[in-house]
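In the numbering used here, the protein residues as written are 149 to 327.
Shown next as structure tokens:
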């Protein structure tokens, strides 16, 4: 049984998974360009102490690697919505589940260990971090539900929207007559 039956904006899980793939590709590509730009111009963060410089540099490299991997698995996820094959969804599910757990913990550790944020900065970081984590968990639920839906014998994910409910029922009747 799938966790969700529909994704946000009342679209099908297939369409929701497609949107998640496109969203991740766009956001991670933008973030990767941002990280590379910052890494190539260290003048802006030269005033950091040696410990903070090393931590910031390491954090940017870690996040850049995470972005590259996420772009690759998001392209594979998008491909799985065009050609519904369950095994294509697994890399995205595994990487983003790991991302929720490991990458967020490492980033949180580096930020709290090396940056002594005042209350306003800590609150801003906490809100952004929480919203990003909750969104990522919801996206994992959408894709996991799409993955589970693909194993269903009466698979509504073969259609983009539930407007084709009559087609699904006709297909189900046809498959029952064939047996």
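Even for Gly, the Cβ is constructed at its ideal location relative to N, Cα and C. These figures come from a predicted structure and were not determined experimentally.
| Item | Value |
| --- | --- |
| Assigned secondary structure, residue 284 (DSSP; H/G/I helix, E/B strand, else coil) | helix |
| Sequence-distant residues of its chain with Cβ nearer than 6 Å to residue 183 (five each side left out) | 208, 211 and 212 |
| Where residue 233 falls: helix, strand or coil (DSSP) | coil |
| Collapsed DSSP secondary structure at residue 298 in the structure displayed | helix |
| Cutoff 7 Å; reference residue 259; Cβ partners in own chain excluding five residues on either side | 273 |
| Rounded distance between the beta-carbons of residue 229 and residue 166, thought under 8 Å | 4 Å |
| Straight-line Cα distance separating residue 168 from residue 218 | 12 Å |
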